[in-house]
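Plus 612 on top of the position in the sequence shown (first one is 1) and you've got our numbering.
Every residue, glycine too, gets a C-beta built ideally from N, C-alpha and C.
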Amino acid sequence: MAVALTACLITSNFFVPRLWHVAGHLQLSGAVLLFPVTYILNDCVTEVYGYRKARFVIWMSFVLSAFVAIVAQLICWLPAPLEESSRPVADAFNSLFAMVPRTTVASLFAFFVGSTVNAWVMSRMKVSSRGRGFGLRAIASSLAGEASDSLIFFPAAFWGILSLPAAVQLAVTQICAKVLYEVVALPLTAWVVRSVKRAEGLDTIDDGVSYNPFRIKDI
613 MAVALTACLI
623 TSNFFVPRLW
633 HVAGHLQLSG
643 AVLLFPVTYI
653 LNDCVTEVYG
663 YRKARFVIWM
673 SFVLSAFVAI
683 VAQLICWLPA
693 PLEESSRPVA
703 DAFNSLFAMV
713 PRTTVASLFA
723 FFVGSTVNAW
733 VMSRMKVSSR
743 GRGFGLRAIA
753 SSLAGEASDS
763 LIFFPAAFWG
773 ILSLPAAVQL
783 AVTQICAKVL
793 YEVVALPLTA
803 WVVRSVKRAE
813 GLDTIDDGVS
823 YNPFRIKDI
């Protein structure tokens with residue numbers, strides 16, 4: 613689940629610049645097809661293994677996504693190819709991947725905040741309910757996390773590209789689409805959680821856990 617979450621986060625950063633028309637004046641980013649999976653997996657990790665493990669996975673995804681962004685920027689800075697026929701390919705590559713560091717910086721901060729909020733809400737609600745009501749906890753935590761993420765990410769990533777009202781509208785549309793995505797996927801998410809709990813013989817409730825997001829070694 614940690615590997616899949618990281619792969620979805622990194623891949624989503626490549627899809628962000630591709631906007632598509634939904635209806636009327638509503639647009640969505642291409643990342644909406646994949647990014648909600650990161651929050652679904654975050655819910656699964658937090659539900660089964662607890663906040664400590666979720667915090668570790670969030671940091672691991674953060675570091676690896678930053679690594680990809682740095683490498684993409686370094687490749688964009690490489691000299692142009694000698695052959696004239698190869699230059700359009702290099703230009704097309706740079707036009708796509710030059711956005712990756714910018715979207716990744718915005719994404720990293722937004723993902724860290726949103727995922728931490730998501731894991732915190734999921735964990736706190738599980739403690740207070742003593743493990744009951746997974747569906748409600750999954751939707752409530754995702755709504756809190758996705759809202760935090762999108763309201764940070766889209767104004768930052770599209771600053772100077774879209775007007776602020778358009779960026780905020782895009783963020784709100786994304787929040788609604790992502791939460792709907794997770795509602796539709798909830799039966800599958802619940803089945804995965806039950807299966808992993810049964811296989812691991814584990815169902816963690818975070819009594820007494822520290823919610824400090826920077827205590828990475830506490831796993």
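C-beta atoms of residue i and residue j nearer than 8 angstroms
i	j	result
R667	A731	yes
F826	I764	no
L640	Q786	yes
E812	P648	no
V660	D815	yes
F746	A802	yes
V557	C656	Outside the shown range of the chain (613 to 831) lies residue 557, about which nothing can therefore be said.
A778	S762	no
I643	F627	First, the amino acid is wrong: residue 643 is Ala here, not Ile. Yes.
G743	I687	no
G859	S673	Since the first residue of the chain shown is 613 and the last is 831, residue 859 is not available in this structure.
S741	T658	no
T618	L676	yes
Buried/exposed call for residue i, threshold 16 Cβ in 10 Å
i	result
V738	In the sequence as presented, Val is not what sits at residue 738; that position holds Lys. That one is buried.
I831	exposed
K790	buried
V683	exposed
D703	exposed
I670	buried
E758	buried
R664	buried
L755	buried
G636	exposed
V733	buried
P700	exposed
G772	exposed
A692	exposed
V805	buried
Bounding residues of the alpha helix (DSSP H) (the contiguous stretch that carries residue i)
i	result
W632	Element bounds for W632: not the alpha helix (DSSP H) but the beta strand (DSSP E), L631 to A635.
R810	L776 to E812
I648	The residue asked about is misnamed: residue 648 is Pro in this sequence, not Ile. P648 to Y661 is the span of the alpha helix (DSSP H), which, as asked, contains P648.
V615	A614 to F627
S857	For residue 857 there is no data in the structure shown, the boundaries of the chain being 613 and 831.
Span of the beta strand (DSSP E) around residue i
i	result
L640	L638 to S641
Bridge-paired residues (DSSP) for residue i
i	result
W771	L774
Contact the stretch 741 to 756 vs the stretch 644 to 660: 3+ CB pairs below 8 angstroms | Contact annotation: the stretch 741 to 756 touches the stretch 644 to 660, with at least three C-beta pairs closer than 8 angstroms.
Check whether the stretch 617 to 633 touches the stretch 676 to 695, counting contact only when three or more Cβ pairs, one atom from each stretch, lie closer than 8 angstroms.
-> Below 8 angstroms, enough C-beta pairs join the stretch 617 to 633 and the stretch 676 to 695 to call them touching: three or more.
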